[in-house]
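So for the sequence shown, my numbering puts the first residue at 21; every next one is plus one. Structure first, commentary second.
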Amino acid sequence: MRRWDPLNKRQLDVLRRIGEGNALSQPADVPLRTSARALQSRGLVDVSRHDGRWRATITDAGRFYLKHGQHPDHPARTDDGPAAVMQQSSPRTQADKPPAAEPQGTPREQRLDHKTSISEKRRAQAKELIERLVSERRVIISTPDEETVTEWRCTINYAKRHHLEPPGRWIEKRKEWNGDLVIELLTGHPPNKRAHPSADAPSVPVPSQLRAPHPVIARLRDDEHLLVMPRARRRRCLLILQALAAEAKRRGHTVHDEPVAEHHQSRPYTYLGEHYPSRYSRRNGAIRIAIGKFSYTVTIAEESPQSTDPAKAERLFIEITLYRSHGRQCRWADRKRWKVEDLLGIILKELEERAAEDAQREVEEERAKAERRQRWELAMAEARRKAHEAHNAAALCEQTSNWCKSQEINAYCQALGERIDREPSDAPGVREAREWLSWARAYATSLDPLGTLPSHPEQAELRPEDLKPYLNGWSPHGPDERH
21 MRRWDPLNKR QLDVLRRIGE GNALSQPADV PLRTSARALQ SRGLVDVSRH DGRWRATITD
81 AGRFYLKHGQ HPDHPARTDD GPAAVMQQSS PRTQADKPPA AEPQGTPREQ RLDHKTSISE
141 KRRAQAKELI ERLVSERRVI ISTPDEETVT EWRCTINYAK RHHLEPPGRW IEKRKEWNGD
201 LVIELLTGHP PNKRAHPSAD APSVPVPSQL RAPHPVIARL RDDEHLLVMP RARRRRCLLI
261 LQALAAEAKR RGHTVHDEPV AEHHQSRPYT YLGEHYPSRY SRRNGAIRIA IGKFSYTVTI
321 AEESPQSTDP AKAERLFIEI TLYRSHGRQC RWADRKRWKV EDLLGIILKE LEERAAEDAQ
381 REVEEERAKA ERRQRWELAM AEARRKAHEA HNAAALCEQT SNWCKSQEIN AYCQALGERI
441 DREPSDAPGV REAREWLSWA RAYATSLDPL GTLPSHPEQA ELRPEDLKPY LNGWSPHGPD
501 ERH
């Protein structure tokens, strides 16, 4: 499909909607977004997704198409306008048609030119997809049809085949339950990436006989309830684990026993006076390799123990502890091109990389923890300041309130005294009034904060509950406590 090919009816209707200002951001517009993506690939609209909100806007090329009925990139368009193209695309009778031009070049050259055009288009689409994934990390195509899914699959495969993904990143696509196609750019290596020996991970020698084994391997060998499988396969598992243990020890790491989990063991019981201890029976065997302060479980087992195919029944796999980083390989198995013995260097390298990442992560977590505590201490200091300020403000407000009351009472007492003076001294009620006046003046004096020079109020001991209103979500009990 070329950029200037005519739009179908549905695409033209969607282009008109977008040209009229419909951004296709409403739930009812979801079915139209597939056509909008097709229009975007032709440069007729721009599509963006910000804060989870879909937005489509028309481009100058889209306005040109709505006005003239053709794409501005049409090769037959002249400077005189689209009239020539429109005239050529209009119906004609056979007699009015111009003679067909002779094809240029041989059929092989034409096919090569066509393939080159498709390859260039696919490369442009793949680069555009990578740019979107780098900026948005996730691209969602709403309810695409099979043709659209196939188109996206070809674009993704082209990007993978030509190594257009950023270093250390890989593309994953999946179909959601609601029919949406989700394309993500993930960190690490794809789980199904084939492992193979390389110079970066030199091979680890595997002994042909189990002589002077590592103590952990010796205990594993003597435990008949582990690696319950045919004798030849069990011997091979022990030799592989011995090779891993010896190489780990040579590199300065330590190897420990991996106890059987409790949920794999039976409960001890007593029957008819006889005690039956806890038992277990496992097809696999495991050791724990410690690199610095971090340790990882390495498990070996049969991949298809119940298979009737002799070749599949002989296959072994090695599995290490699942890792927190998405996309990291944690399982290696026998295949036609290699055996797990060939991959021991890769497995140890993976463990060492994990230990380095865990050490770096621990440093970052400690740094983040220290920074969080520092922010908490600053928040606590600010909360104490605000709490003391609120205490002082409350004391000040109380003083001003008492001063205002004192002034009002003194004014009242002044008026009351003048009223008493207008009465004869032996008039009824004068004595009681003077007694009331005397008490009122004494009370006003007791309320007046300016009777003595006021000072800074004593700071009360602050409780955690007193600080909560000023901590903005922090807990007064510690930086890691919840409010």
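Note that beta-carbon positions come from the ideal geometry of N, C-alpha and C, so glycine has one too.
Original post:
Around the C-beta of V360, are 16 or more other C-beta atoms found within 10 angstroms, so that it is buried, or is it exposed?
Top reply: In the sequence shown, the residue the question calls residue 360 occupies position 340. Classification of V360: buried, given that the 10 Å Cβ count is 16 or more.
Subject >> Cβ-based burial, E370 [other Cβ within 10 Å; buried from 16] >> reply: For the purposes of this step, residue 370 is identified with residue 350 of the sequence shown, where counting begins at 1. Counting the other Cβ atoms within 10 Å of the Cβ of E370 gives 16 or more, which makes it buried.
Subject >> Start and end residues, beta strand (DSSP E) containing R303 >> reply: By one-based count along the sequence shown, residue 303 stands at place 283. From DSSP, R303 is part of no beta strand (DSSP E); its letter is neither H nor E.
**OP:** Could you name the residues that DSSP lists as bridge partners for S315?
**Re:** Position 295 of the sequence shown, counted from the start, is the residue given in the question as residue 315. Paired residue(s): A310.
Original post:
When you compare only the Cα positions, how much space is there between L368 and R241?
Top reply: Against the sequence shown, residue 368 aligns to sequence position 348. Against the sequence shown, residue 241 aligns to sequence position 221. If I take the Cα positions, the gap works out to 22 Å.
Original post:
Since L230 and L206 are thought to touch, with beta carbons under 8 Å apart, how far apart are those beta carbons, to the nearest angstrom?
Top reply: On the sequence shown, residue 230 is found 210 positions in, with the first residue counted as 1. On the sequence shown, residue 206 is found 186 positions in, with the first residue counted as 1. Beta-carbon to beta-carbon, L230 and L206 are separated by about 41 Å, too far to satisfy the 8 Å threshold.
Subject >> Touch test, the stretch 451-466 against the stretch 413-429, Cβ-Cβ under 8 Å, three pairs minimum >> reply: Touching, per the Cβ criterion.
Original post:
In angstroms, rounded to a whole number, what distance separates the CA positions of V105 and K87?
Top reply: By one-based count along the sequence shown, residue 105 stands at place 85. By one-based count along the sequence shown, residue 87 stands at place 67. For V105, the predicted model reports a pLDDT of 44, less than 50, meaning its position is unreliable and no value from the coordinates is stated.
**OP:** Hey, could you find the ends of the alpha helix (DSSP H) W423 is sitting in?
**Re:** The residue labelled residue 423 in the question sits at position 403 within the sequence shown. Looking at the DSSP string, the run of the alpha helix (DSSP H) that includes W423 is L364 to D441.
Original post:
What number of angstroms, rounded off, separates the C-alpha of L32 from the C-alpha of R181?
Top reply: One-based indexing of the sequence shown puts residue 32 at position 12. One-based indexing of the sequence shown puts residue 181 at position 161. Roughly 34 Å separates the two Cα atoms.
Original post:
Terminal residues of the continuous beta strand (DSSP E) containing E294?
Top reply: Numbered from its first residue, the sequence shown carries residue 294 at position 274. That run of the beta strand (DSSP E) goes E294 to Y296.
**OP:** Could you spell out where the beta strand (DSSP E) holding S68 opens and where it closes?
**Re:** Taking the sequence shown and counting its residues from 1, one reaches residue 68 at position 48. It spans V65 to H70 - the beta strand (DSSP E) in which S68 sits, taken as one unbroken run.
Subject >> Sequence-distant residues of the same chain with beta carbon closer than 7 Å to V248, five excluded per side >> reply: For this step, residue 248 is matched to residue 228 along the sequence shown. Excluding its 5 nearest sequence neighbours in each direction, V248 has C-beta neighbours in its own chain below 7 Å: S301, R302 and R303, listed in chain order.
Original post:
With 16 as the cutoff for other CB atoms within 10 Å, does A56 come out buried or exposed?
Top reply: Numbered from 1 along the sequence shown, position 36 holds the residue referred to as residue 56. Buried, since its Cβ has 16 or more Cβ neighbours within 10 Å.
Subject >> Cα-Cα separation between A331 and E140, rounded to whole angstroms >> reply: By one-based count along the sequence shown, residue 331 stands at place 311. By one-based count along the sequence shown, residue 140 stands at place 120. For the pair A331 and E140, the Cα-to-Cα distance works out to about 44 Å.
Original post:
Nearest to D468 by alpha carbon, out of D378, E204, P484 and W423?
Top reply: Along the sequence shown, one-based indexing puts residue 468 at 448. Of the residues D378, E204, P484 and W423, the one whose Cα lies closest to the Cα of D468 is W423.
Subject >> Boundaries of the beta strand (DSSP E) in which W197 is found, first to last residue >> reply: Reading the sequence shown from its first residue, position 177 is the one you call residue 197. Premise fails: W197 is in no beta strand (DSSP E) and is neither H nor E.
**OP:** Run the CB neighbour count on L473, radius 10 Å, all protein chains shown included, and call it buried at 16 or more, exposed below.
**Re:** To locate residue 473, count along the sequence shown from 1; it is residue 453. Looking at its Cβ environment, which holds fewer than 16 other Cβ atoms inside 10 Å, L473 is exposed.
Subject >> Helix, strand or coil at Y343 according to DSSP, with G and I counted as helix >> reply: Position 323 of the sequence shown holds residue 343. Coil, per DSSP.
**OP:** Could you tell me how far apart the beta carbons of T170 and I161 are, in whole angstroms, since I believe they sit closer than 8 Å?
**Re:** Counting from 1 along the sequence shown, the entry for residue 170 is found at position 150. Counting from 1 along the sequence shown, the entry for residue 161 is found at position 141. The beta-carbon separation of T170 and I161, rounded to 12 Å, does not stay under the 8 Å limit for a contact.
**OP:** Could you tell me which of R36, H94, F84 and P92 sits nearest to A76, measuring between CA atoms?
**Re:** Taking the sequence shown and counting its residues from 1, one reaches residue 76 at position 56. Taking only the C-alpha atoms, the option nearest A76 is R36.
Original post:
For the candidate residues R158, A265 and H245, whose alpha-carbon lies nearest to that of P233?
Top reply: Within the sequence shown, residue 233 is the residue found at index 213, counting from 1. Nearest C-alpha to P233 among R158, A265 and H245: A265.
**OP:** Determine the closest residue to L149 out of E166, D165 and R173, with distance taken between C-alpha atoms.
**Re:** For this step, residue 149 is matched to residue 129 along the sequence shown. Per the Cα distances, R173.
Original post:
Considering R73, what are the terminal residues of the beta strand (DSSP E) in which it resides?
Top reply: As a position in the sequence shown, residue 73 is number 53, starting the count at 1. First-last of the beta strand (DSSP E) with R73: R73 to I78.
**OP:** Whole angstroms is fine: what's the gap from L512's alpha carbon to S45's?
**Re:** Because the chain is modelled from 21 through 503, residue 512 falls outside the range shown and cannot be assessed.
Original post:
Can you round the beta-carbon distance between I307 and V280 to whole angstroms, since I take them to be within the 8 Å contact cut?
Top reply: For the purposes of this step, residue 307 is identified with residue 287 of the sequence shown, where counting begins at 1. For the purposes of this step, residue 280 is identified with residue 260 of the sequence shown, where counting begins at 1. About 13 Å; that fails the 8 Å criterion.
Subject >> Closest residue to L27 among Y85, Y296, A390 and A435 (Cα-Cα distance) >> reply: Mapped onto the sequence shown, residue 27 falls at position 7. Checking every option, the nearest Cα to that of L27 belongs to Y85.
Original post:
Taking the alpha-carbon positions, what's the A375 to A321 distance?
Top reply: The residue labelled residue 375 in the question sits at position 355 within the sequence shown. The residue labelled residue 321 in the question sits at position 301 within the sequence shown. Those two C-alpha atoms are separated by around 24 Å.
Subject >> Euclidean distance between Cα positions of D486 and A403 >> reply: Translated into positions along the sequence shown, residue 486 becomes position 466. Translated into positions along the sequence shown, residue 403 becomes position 383. Those two C-alpha atoms are separated by around 9 Å.
Original post:
beta strand (DSSP E) containing A353: first to last residue?
Top reply: Stepping through the sequence shown from its first residue, residue 353 is reached at position 333. Judged by DSSP secondary structure, A353 falls within the beta strand (DSSP E) whose first and last residues are R351 to A353.
Original post:
Run through DSSP, which three-state label would G498 get?
Top reply: In the sequence shown, residue 498 corresponds to position 478, counting from 1. Note: G498 maps to strand in three-state DSSP.
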